[in-house]
Amino acid sequence: MQTCSSRPLTIMVSAGEASGDLHAAHALASLKQQGIAFNSFGMGAGELEAVGTDILVDCRSLAVIGFIDVLLNYHRFLRRLKKLRRAMRERRPDVLFLTDYPDFNLKLAETAKELGIPVLFYVSPQLWAWRSGRIHRIGRLVSHMAVLFPFEVKIYAEHDIPVTFVGNPLVDEITLEDTPEEARSKLGIDAGSGPVIALLPGSRSGELSRNLPRMLDAARRLAERYPDARFVLPVAGSLGREAVEAQIEEANAASPFPHLALIDGESLRVMRAADVALVASGTATLETALIGTPMVVMYVVAPLNHAIMKRLIRIPDIALVNIVAERRVVPEFLQHEATGKALATAVSTLLDDPEVRRQMITDLAEVRTRLGDGGASEKVAELIVQLGSAAR
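Throughout, the working numbering is defined as the position within the sequence shown, counted from one, plus 831.
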């Protein structure tokens, strides 16, 4: 793969969240590995900065969740958008490379369309779940879609929108080869006969405050049933240990809680070490599936956000692992269903019933197959070059 000009490609990139920052950075790193000369600028965070991107807007300043959060932060979003639009007009990139974050990024795509700059959109909006009408706007503004799931190809092809199934980048990013025993040893988890249960409440403060108390209630109940159980929680860098400890202290004040080991980062190794993981819905469910650890999924959002979501979402399941499987392969509990008792019962079933456990492990292996053969970053890098070179 090579460009048709000796001038380096100029790539404007926009990633609005940590996962997008990582995926976009891996695609640009693939360009470097293949000897493609380029300059990049735009919105992202540490991962994109590490591959040489000139970060004009740090996406961590826009880390909000839910409809209400977006409305409350509207003016902050608008200021960042204006800054990026101004930079696009001044620098005139060869290609605009968007990763996820659709409502914000499609506004950037409007400016690119006005300037005649091709647009590559990596990680499709969840049109199959809600707001399917957005596809018409995508068709007007986006030059090519790079999608993570095979069923998304048909959605775009039916509307004559150029699309490539690149597979899920998590397939390449998750390369942990530890056995559960090795993972436990490296994490300093004491050897013992009791089960290891991982708690993954999410990486945002709102997720932590809503999900962790219910997970802790479930863990308290599980500790009564399995006195030798060991509970482990990987602390996301975006949260910090203090925020997690404050939640645990509050829970302890209400009722004594079993010992919970906090591990800074290392979420994948914690997943591998666990017999069962209690996971907040999101990308972590796919990561857990790729690791192969049986799981129970839960999620709680603010009541008003939930009321809005109920009116908009058109699919029966919200856990990505179930969506990829196109059937329910792991139990999921949302809002009022996500009680400590219900979560503890579901985890106990996976610990006590070998057949249920075996079936879930088999189903998770099928999910792994559906996520592609790997090489997503390389395929996206090739699309960047194709679009950027054609525009010169």
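Glycine included, every Cβ here is placed at the ideal spot set by N, Cα and C.
Which residues DSSP lists as bridging residue i, in chain order
| i | result |
| --- | --- |
| ARG1072 | For ARG1072, which the question treats as bridged, DSSP gives no partner whatsoever. |
| PRO981 | According to DSSP, which records beta bridges pairwise, PRO981 is partnered with nothing at all. |
| ILE1028 | PHE1062, VAL1107 |
| ASN870 | THR841 |
| MET1033 | Position check: residue 1033 holds Gly in this sequence, whereas Met was assumed. The partner list for GLY1033 (beta bridge, DSSP) is empty, contrary to what the question assumes. |
| ILE1094 | PRO1065 |
| ILE886 | GLY873 |
| THR1010 | THR1010 pairs with nothing; no bridge assigned. |
| LEU909 | In the DSSP output, where bridge partners are listed per residue, LEU909 has none listed. |
| VAL950 | LEU927 |
| MET976 | PHE952, VAL994 |
CB contact flag (residue i, residue j, <8 Å)
| i | j | result |
| --- | --- | --- |
| LEU1117 | ASN999 | yes |
| LEU862 | PHE869 | yes |
| VAL984 | ARG1045 | no |
| VAL954 | HIS857 | no |
| VAL888 | LEU915 | yes |
| VAL1101 | PRO1065 | yes |
| ASP931 | GLY847 | yes |
| ALA940 | LEU1053 | no |
| PRO993 | HIS975 | yes |
| VAL997 | VAL1211 | yes |
Inter-residue Cα distance where the pair is residue i and residue j
| i | j | result |
| --- | --- | --- |
| GLU1209 | GLY866 | 12 Å |
| LEU1093 | VAL1160 | 28 Å |
| SER1016 | ALA1022 | 8 Å |
| LEU979 | ARG910 | 30 Å |
| ASP885 | GLY1219 | 18 Å |
| HIS967 | PRO949 | 17 Å |
| ALA1221 | THR841 | 13 Å |
| LEU1202 | ARG1041 | 30 Å |
| ASP1204 | GLY851 | 20 Å |
| LEU1047 | ALA1082 | 7 Å |
| ARG1189 | ALA977 | 34 Å |
| GLN913 | ASN936 | Strictly speaking, residue 913 in this sequence is Lys, with Gln absent from that position. Distance between the alpha carbons of LYS913 and ASN936 is about 12 Å. |
| GLU989 | LYS944 | 22 Å |
| ILE899 | LEU1031 | Legend: pLDDT at ILE899 = 49, less than 50; position of this residue unreliable, no value from coordinates given. |
| VAL1075 | ALA1050 | 15 Å |
Extent of the continuous beta strand (DSSP E) run through residue i
| i | result |
| --- | --- |
| ILE966 | Element bounds for ILE966: not the beta strand (DSSP E) but the alpha helix (DSSP H), 965-972. |
| VAL1128 | 1126-1130 |
| VAL926 | 926-930 |
| GLU1163 | 1163-1165 |
Span of the alpha helix (DSSP H) around residue i
| i | result |
| --- | --- |
| ALA1050 | 1036-1056 |
| LEU1117 | 1114-1122 |
| VAL1002 | 1001-1004 |
| THR1180 | 1171-1183 |
| VAL1155 | 1151-1156 |
| GLY851 | 849-864 |
| GLN957 | That residue, GLN957, is in no alpha helix (DSSP H); it is neither H nor E in DSSP. |
Are the segment 1185-1198 and the segment 1152-1168 touching by the rule of at least three beta carbon pairs closer than 8 Å? The segment 1185-1198 vs the segment 1152-1168: in contact.
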